[in-house]
Ligand code: SF4
Ligand code: SF4
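Residue numbers (my numbering): 10 to 438.
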């Protein structure tokens, strides 16, 4: 029995941080005195005062640096001088890495659940936890390498990001996509060949990104359209795939990359690695030895030569290349370097157009070296800078009725549907 129920790989309180609040009442009730009253932090577990060392957001903003940031696994392979640079308080650069569930193609959370409570919806690929079937095994919590499933101790059920499917079903972007003030989130349909999932997931680290991209199919290709129709994909979904901004970022421009693809869950959320400000220590640094394909390396060199007075070297950026490669390239720099070089080439090209202090032939040569045509540069500029809601979110009608028809009589389903739970989730049920 111990072997069945024992799950030794659960995150501990230390992983989620000890929750705390502040003694706010002291601000009002403190006796008269000559000093300003303060609200000391109190543990929400013991009620005793605690010395905060780390916490959500607290840690993001480097409050817990000596413990968490300094031991970040993504720093693997980053030379000491660059680590020092990254942590030096006066040279800090922030880039936030907003992580929701990746709604993976090969979701380890789904594979791990002994009750079959997690599933990936056939019609849109959203990964969900069936709250009625969840039996609190918490195998999904342990299995998700991205730590995107959380256990709710009040209901005794696991919970996770649902990609706001009720919003999607009514044609609205998920809440965090909709409300993002930085307008960094885009949403669209990708058609993929599910038969390749196993083969791709078994490929060596260095080939995973290419494999993942190969699996994503061209929605304009007649063979793909025919195969999609044969598989019951509605024409409106195919049309959405053809207009998908995500397809442009991932497959056409190749500037968006999956996070930690070496986990092999084939994540379907993609990130554009950030260009960061230049380092203050430039003279003190020796150039890095080339580590990836010579082609992409020479791309960067040309750009750096042309733009040295305008924009910083990619290799001299404050966020080290190896750090970004660990996040987005399974430790390999090539794809990250390509994405950064292309973004930088677009900047140079736009500078030539809007400010005019770069020769246009020179800017075009930089674009060519970065594998980018002027039309593509214009499209990248428009979709990243001048985009509207309709450009960013291309959401097809969800056709839930068809998905329901596959499983049961729609009239029977109508009686069971409604907002929220017909019977609330309870422990043991
Ligand atoms: S990110 Fe984690 S929770 Fe989300 S689908 Fe992938 S494995 Fe499952
Ligand atoms: S707002 Fe919606 S899409 Fe965003 S993390 Fe929450 S559930 Fe997921």
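The C-beta atom is built at its ideal place from N, Cα and C for all residues, glycine as well.
Since we're looking at a predicted model, the values are computed, not measured.
Check	Outcome
Residue 5 classed as buried or exposed, judged by whether at least 16 other C-beta atoms fall within 10 angstroms	Absent from the model: residue 5. The displayed extent of the chain is 10 to 438, so no value can be given.
Any non-hydrogen atom of ligand 1 within 7 angstroms of residue 169 CB	yes
Distance between residue 177 and residue 419 (C-alpha atoms, nearest Å)	20 angstroms
Completely contained beta strand (DSSP E) runs for the region 50-125, where each covers 3 or more residues	50-52
Rounded Cβ spacing between residue 138 and residue 129 (contact assumed at less than 8 angstroms)	Not really, about 11 angstroms apart at Cβ, beyond 8 angstroms.
Per DSSP, the bridge partner or partners of residue 30	51
CB contact below 8 angstroms: residue 165 versus chain D	Considering every chain present, this structure includes no chain D. It has just one protein chain.
Proximity of residue 46 and residue 58 at Cβ, strictly below 8 angstroms	no
Contact check, residue 114 vs residue 275, beta carbons under 8 angstroms	yes
Sufficient close CB pairs (3 or more, under 8 angstroms) joining the region 148-160 to the region 359-372	no
Chain-order list of residues whose beta-carbon lies under 8 angstroms from that of residue 196 (same chain, five-residue window excluded)	182, 183, 186, 254, 255, 401, 402, 403, 404
Whole-angstrom C-beta distance between residue 153 and residue 117, which should lie under 8 angstroms	6 angstroms
beta-carbon residue 382 near ligand 1 non-hydrogen atom, thresh 7 angstroms	no
Residue 118: CB within 7 angstroms of a non-hydrogen atom of ligand 2	no
Completely contained beta strand (DSSP E) runs for the region 123-163, where each covers 3 or more residues	127-129, 136-138, 158-161
Where residue 402 falls: helix, strand or coil (DSSP)	strand
Buried versus exposed call for residue 329 [16 or more other C-beta atoms within 10 Å across all chains shown]	buried
Distance CB(residue 16)-CB(residue 192) smaller than 8 angstroms	no
Residue 190 beta carbon near ligand 3 (any heavy atom closer than 7 angstroms)	Of the ligands this structure carries, namely ligand 1 and ligand 2, none is ligand 3.
Residue 113: CB within 7 angstroms of a non-hydrogen atom of ligand 1	yes
Given 8 angstroms, three or more beta-carbon pairs between the region 213-229 and the region 238-245	no
Residue burial classification, residue 35 (beta-carbon count within 10 angstroms, cutoff 16)	exposed
Proximal residues to residue 145 (C-beta, below 6 angstroms), its chain only, five neighbours per side dropped	165
Distance cut-off 7 angstroms: residue 157 Cβ against heavy atoms of ligand 1	yes
For residue 221 and residue 209, believed in contact at Cβ under 8 angstroms, the rounded distance	6 angstroms
Sequence-distant residues of the same chain with beta carbon closer than 6 angstroms to residue 381, five excluded per side	351, 354
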